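All the letters of the sequence shown, read from the start, carry residue numbers 1 to 221 under this note's numbering. The structure appears right after this line, and notes come after that.
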Amino acid sequence: MTDTLTIAVSKGRILKETLPLLAATGITPAEDPNESRKLILPTNQSNVRLVVIRATDVPTYVQFGAADLGVVGKDVLMEFEGRGLYELLDLKISRCRMMVAEPRALAEQDDPEDWRHLRIATKYVNTTRRHFAAKGIQTEIIKLYGSMELAPLVGLADRIVDLVDTGNTLRANGLVEIEQIADISSRLVANKAAMRMKYDAIRAMVEQLRGAVKGSAERAA
Ligand code: AMP
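Shown next, in the form of structure tokens:
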């Protein structure tokens, strides 16, 4: 008997970019995920179903075994700091970078080598604290849930840590990148217990997805 696999996928852009990879492995949702209000989406393969949830909830679903596999951004994984997950595959989708950014005027006379104490607005509190602690830099971190770019413009913080793709959002708000924290892309993660119990099914899925990622990279080249 084939094991059933539940895959938790982050809503929005990651779901959109995951569907073609799944399709390349022969898995398609039974209903259009953009139209459907169902939270559990059956697929054309009776042993595979998708749960489409908020990005920050994906590691929790996988950690507790509510999903066997998850597709989630590296930014969310870095922030989660949880146990019970294996990172199996870089899906190379939803790529961007996690950056420290600041107003252009500050950047013109700023040198990261001189940083001793920083006041930073971000939603990546743990990642930011870890990054600077490793360099012996003290941080006062102001937790925000969105629109980080606004914080330096209104004096809430001197700098921000946020994801940057084209750089348009920073530019539009007079901010510039000053230091990179990490390259970000979406990862396939697995629950550790599921990895033991459903080894063959997960292994087969990983190998198929690895092929799909490779195929999509070759097409893009
Ligand atoms: P951009 O203007 O293209 O540099 O995009 C920056 C904005 O989009 C910021 O608000 C980011 O938080 C968000 N963003 C960019 N790339 C991603 C990504 N891969 N995943 C989630 N949010 C992203």
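All C-beta atoms, glycine included, are put in the ideal place defined by N, C-alpha and C. Predicted model, so just to flag it, every value in this text is computed and none were measured.
Out of 76, 103 and 82, point me to the one whose CA is closest to residue 96's CA.
Closest by alpha carbon: 76.
Based on the DSSP output, what are the partners of residue 120 in its beta bridges?
In DSSP, residue 120 forms a bridge with 141 and 159.
Helix, strand or coil: how does DSSP classify residue 197 here?
If DSSP states are grouped into helix, strand and coil, residue 197 belongs with the helices.
When DSSP builds the beta bridges, which residues end up paired with residue 180?
DSSP lists 99 as partners of residue 180.
Would DSSP call residue 90 helix, strand or coil?
Residue 90 falls in the strand class under three-state DSSP.
Among 31, 148 and 129, whose alpha-carbon lies nearest the alpha-carbon of residue 181?
Among 31, 148 and 129, the Cα nearest to that of residue 181 is on 129.
Starting from the Cα of residue 146, find the closest Cα among 155, 136, 110 and 160 and give me that residue.
The residue with the shortest Cα to Cα distance from residue 146 is 160.
Take residue 108 as the anchor and find which of 3, 167, 156 and 177 has the nearest alpha-carbon.
Cα-wise, what sits closest to residue 108 is 177.
To the nearest whole angstrom, what separates the beta carbons of residue 162 and residue 148, a pair I think is in contact under 8 Å?
Confirmed, Cβ separation roughly 4 Å.
Quick test of your reading: residue 55 and residue 61, contact by CB under 8 Å. State the CB separation rounded to the nearest angstrom.
Not quite, the Cβ-Cβ distance comes to about 11 Å (not below 8 Å), so this is no contact.
Around the Cβ of residue 73, are there at least 16 other Cβ atoms within 10 angstroms (buried) or fewer (exposed)?
Counting Cβ neighbours within 10 Å, residue 73 comes out buried, since at least 16 surround it.
Residue 219 to residue 212, Cα distance in whole Å?
Each residue's Cα considered, the two are about 11 Å apart.
Where do the N-terminal and C-terminal ends of the alpha helix (DSSP H) with residue 40 fall, by residue?
Not the alpha helix (DSSP H): residue 40 falls in the beta strand (DSSP E), residues 40–42.
Is there at least one non-hydrogen atom of the ligand AMP closer than 6 Å to the beta-carbon of residue 127?
Residue 127 Cβ: outside cutoff for every heavy atom of the ligand AMP.
Name, in chain order, the residues that DSSP records as bridge partners for residue 50.
According to DSSP, residue 50 bridges with 7 and 41.
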